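Okay, structure first, notes after.
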Amino acid sequence: MGQREQILKLILENESVDHSVNLVDVSRETDGFSGSDLREMCRDAALLCVRDFVHAQNDSPTEDFIRPIHQSDLQKAVGKMKKSKMAGGHGGLLHAALD
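According to full-length UniProt numbering, the sequence shown is numbered sequentially starting from 1.
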């Protein structure tokens with residue numbers, strides 16, 4: 001088991017994660033992410049589930065549980081984190097060039 005996969009398992013150990021989630025795939029997609037990046041990414045994935053729950057409550061208040069984290073939630077969170085890292089990286093280069 002890779003180090004990133006172990007970190008993901010540790011971060012997600014107290015979360016409800018769908019049994020079909022493949023952390024090996026997620027760890028491959030997150031090459032170059034720090035532990036802090038991984039924690040933030042997992043938090044974003046969990047928040048997607050909460051948002052779905054809130055929207056479901058507005059539509060049909062019979063749902064009384066938050067669904068588990070799915071692979072698609074993690075993929076969306078990875079994409080968001082990659083965009084954030086790219087934007088941060090470019091901003092740093094721009095800032096350095098202006099100094």
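The C-beta atom is built at its ideal place from N, Cα and C for all residues, glycine as well. In this text, all values refer to a predicted model and were calculated from it rather than measured experimentally.
Leaving out five residues before and five after Lys9 in sequence, what residues of the same chain have Cβ atoms less than 7 Å from its Cβ?
Counting only Cβ-Cβ distances below 7 Å, and skipping sequence neighbours, we find Leu23.
Straight-line Cα distance separating Ser27 from Arg4:
Going by the C-alpha atoms only, they are around 6 Å apart.
Helix or strand or just coil, what does DSSP make of Ile69?
Looking at Ile69 - three-state DSSP - the assignment turns out to be strand.
Ala77 and Met41 closer than 8 Å at C-beta:
Cβ distance < 8 Å, so Ala77 and Met41 count as in contact.
Below 8 Å between beta carbons: does that hold for Asp73 and Ala45?
With contacts defined as CB atoms closer than 8 Å, Asp73 and Ala45 qualify as a contacting pair.
Tell me the residue span of the alpha helix (DSSP H) that contains Asp31.
Boundaries cannot be given for Asp31, as no alpha helix (DSSP H) includes it and DSSP labels it neither H nor E.
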